[in-house]
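No gaps in the numbering here: position 60 of the sequence shown is 43 in the working numbering, and each next residue is one more.
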Amino acid sequence: MTTSQPIISLKQVSKSFGKAGGASSYTAVDRLDLDVGRGQMLALLGKTGCGKSTIFNMIAGLTEPSSGDVTIDGRNPFRDFDSFRGKIAIVFQGDRLLPWRTAVQNVELGLEMLDVPAEKRRTAAMHWLTTLGLRGHENDYPHALSGGMRQRVSIARAFATDANILLCDEPFSALDEMTGRSLRAEFARLVKQNGKTAVFITHSINEALEIGDRIVVLKRPANIAVDLPLTSETTETEKLAIRNQIQGVLAA
Ligand SMILES: Nc1ncnc2c1ncn2[C@@H]1O[C@H](COP(=O)(O)OP(=O)(O)O)[C@@H](O)[C@H]1O
Ligand SMILES: [Mg+2]
């Protein structure tokens, strides 16, 4: 087998809400086939309401598809949920920090759940807080940190677990443009440096272009409209063409 063996695989995955076939039934994801290669940084792009979070929840093992198969490393993330403890890290739009815990205690949270010994926890948490530029803020409570800093803490928390898969659901969309951009660049660099596989959900074309080495554009109900590979060699002119293509697809 080559390294192109996918780490995340969705085969003919559908998800409906409400009674199947009933008048109130709504199909959010429609027979989606999607493979994500190891080490890939996939931007999953689509308009609000097209089913991105529903896909995310199925990959994270939080919900089960109505039909079709989701596998991660050959296993079912919903049914084998416990076996993925510490293997998948999640970053949501809201930072989801515990307000009664300091920054470093928030980063340690995931490691506590994995029963990592206290000293090792602290070392790992401090390493990642430092990497994300928060040294000196480790004892601050979330309310004392800016939105960008809080999201840095939640990224540190995701990296500290050493999970090899990162799932991000619009993590920077609540931040102002400048803060979002610098954090995005840093996040992309850390994913690559640490050999992670990342699925990054976004409704922003700019964000998808800045972060992905592949952009999958979704139509509604969620299915692939276009699948675009990017490389470090993709020129600005080519990116402009890709942007126009995506705009066309999203406008359709
Ligand atoms: N638990 C649910 N029950 C009923 N409908 C839902 C549920 N979750 C999502 N939906 C519907 O599915 C569609 C896709 O939602 P979602 O995956 O959250 O979209 P996105 O993340 O792309 O904005 C929306 O129309 C939404 O109202
Ligand atoms: Mg969503």
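Ideal placement from N, C-alpha and C gives every residue a C-beta, glycine not left out.
Alpha-carbon to alpha-carbon, residue j and residue i
{"i": "asparagine 189", "j": "lysine 35", "result": "17 Å"}
{"i": "threonine -15", "j": "arginine 21", "result": "With a pLDDT of only 41 at threonine -15, under 50, the local geometry of the prediction cannot be trusted, and the value read off the model is given with reservation. If you take the alpha carbons of threonine -15 and arginine 21, they lie about 11 Å apart."}
{"i": "proline 48", "j": "leucine 201", "result": "17 Å"}
{"i": "lysine 103", "j": "alanine 234", "result": "50 Å"}
{"i": "proline 100", "j": "isoleucine 138", "result": "21 Å"}
{"i": "phenylalanine 170", "j": "arginine 68", "result": "22 Å"}
{"i": "glutamine 228", "j": "lysine 30", "result": "15 Å"}
{"i": "leucine 28", "j": "isoleucine 38", "result": "12 Å"}
{"i": "cysteine 151", "j": "serine 165", "result": "16 Å"}
{"i": "arginine 62", "j": "leucine 80", "result": "27 Å"}
{"i": "threonine 114", "j": "alanine 107", "result": "11 Å"}
{"i": "serine 66", "j": "aspartate 123", "result": "33 Å"}
{"i": "proline 204", "j": "cysteine 33", "result": "6 Å"}
{"i": "glutamate 121", "j": "threonine 217", "result": "39 Å"}
Beta-carbon spacing of residue i, residue j below 8 Å
{"i": "asparagine 89", "j": "valine 53", "result": "no"}
{"i": "glutamine -5", "j": "glycine 51", "result": "yes"}
Contacting residues, own chain, Cβ-Cβ under 7 Å from residue i (five flanking each side not counted)
{"i": "arginine 118", "result": "Leu112"}
{"i": "serine -3", "result": "Thr10, Val12, Asp13, Arg14, Pro48, Ser49, Ser50 and Gly51"}
{"i": "glycine 163", "result": "Phe155"}
{"i": "glutamine 176", "result": "none"}
{"i": "asparagine 147", "result": "Lys70, Lys179 and Thr180"}
{"i": "alanine 208", "result": "Val200, Leu201, Lys202 and Val232"}
Residues near residue i in its chain [Cβ-Cβ closer than 8 Å; skip 5 each side]
{"i": "leucine 213", "result": "Leu192, Gly195, Asp196, Arg197, Ile198, Lys222 and Ile225"}
{"i": "alanine 43", "result": "Pro60, Ile71, Ile73 and Leu150"}
Neighbourhood of residue i by C-beta distance below 6 Å, restricted to the same chain and skipping five residues each side
{"i": "serine 7", "result": "Gly1"}
DSSP state of residue i mapped onto helix, strand, coil
{"i": "methionine -16", "result": "No answer about methionine -16 holds up, because its pLDDT of 39 lies below 50 and its placement is not dependable."}
{"i": "arginine 239", "result": "Missing from the structure shown is residue 239; the chain here goes from -16 to 235 and no further."}
{"i": "lysine 70", "result": "coil"}
{"i": "glycine 179", "result": "Residue identity check: residue 179 is lysine in the sequence provided, not glycine. Looking at lysine 179 - three-state DSSP - the assignment turns out to be coil, as it is neither helix nor strand."}
{"i": "valine 87", "result": "helix"}
{"i": "arginine 118", "result": "coil"}
{"i": "asparagine 147", "result": "coil"}
{"i": "phenylalanine 0", "result": "strand"}
{"i": "lysine 103", "result": "helix"}
{"i": "leucine 80", "result": "coil"}
{"i": "aspartate 65", "result": "helix"}
{"i": "threonine 113", "result": "helix"}
{"i": "leucine 92", "result": "helix"}
Nearest candidate by alpha-carbon position, reference residue i, set the options
{"i": "aspartate 85", "options": "Ala208, Asp145 and Arg140", "result": "The sequence given here places threonine at residue 85; aspartate does not occur at that position. Ranking the options by Cα distance to threonine 85, first place goes to Arg140."}
{"i": "histidine 110", "options": "Glu219, Ala143 and Arg14", "result": "Ala143"}
{"i": "alanine 72", "options": "Leu97, Val87 and Arg62", "result": "Leu97"}
{"i": "phenylalanine 155", "options": "Val174, Leu27, Gln76 and Ala205", "result": "Gln76"}
{"i": "aspartate 210", "options": "Leu149, Leu25 and Gly57", "result": "Leu25"}
{"i": "lysine 70", "options": "Ser129, His186, Asp16 and Leu149", "result": "Leu149"}
{"i": "threonine 180", "options": "Asp56, Ala127 and Glu95", "result": "Asp56"}
{"i": "leucine 128", "options": "Ser(-8), Glu91, Asp145 and Pro82", "result": "Pro82"}
{"i": "arginine 187", "options": "Gln23, Ser(-1), His120 and Ala157", "result": "The amino acid at residue 187 is misidentified as arginine; the sequence shows serine. Closest by alpha carbon: Ala157."}
{"i": "methionine 161", "options": "Thr185, Val182 and Gly131", "result": "Gly131"}
{"i": "serine 215", "options": "Ile(-9), Val182 and Arg172", "result": "Arg172"}
is_contact[residue i, chain E] using C-beta, thresh 8 Å
{"i": "aspartate 65", "result": "The structure shown contains no chain E; it holds only a single protein chain."}
Could you name the residues whose beta carbon sits closer than 6 Å to any heavy atom belonging to ligand 4, keeping them in chain order?
With respect to ligand 4, the structure shown offers nothing to examine, as its ligands consist of ligand 1 and ligand 2.
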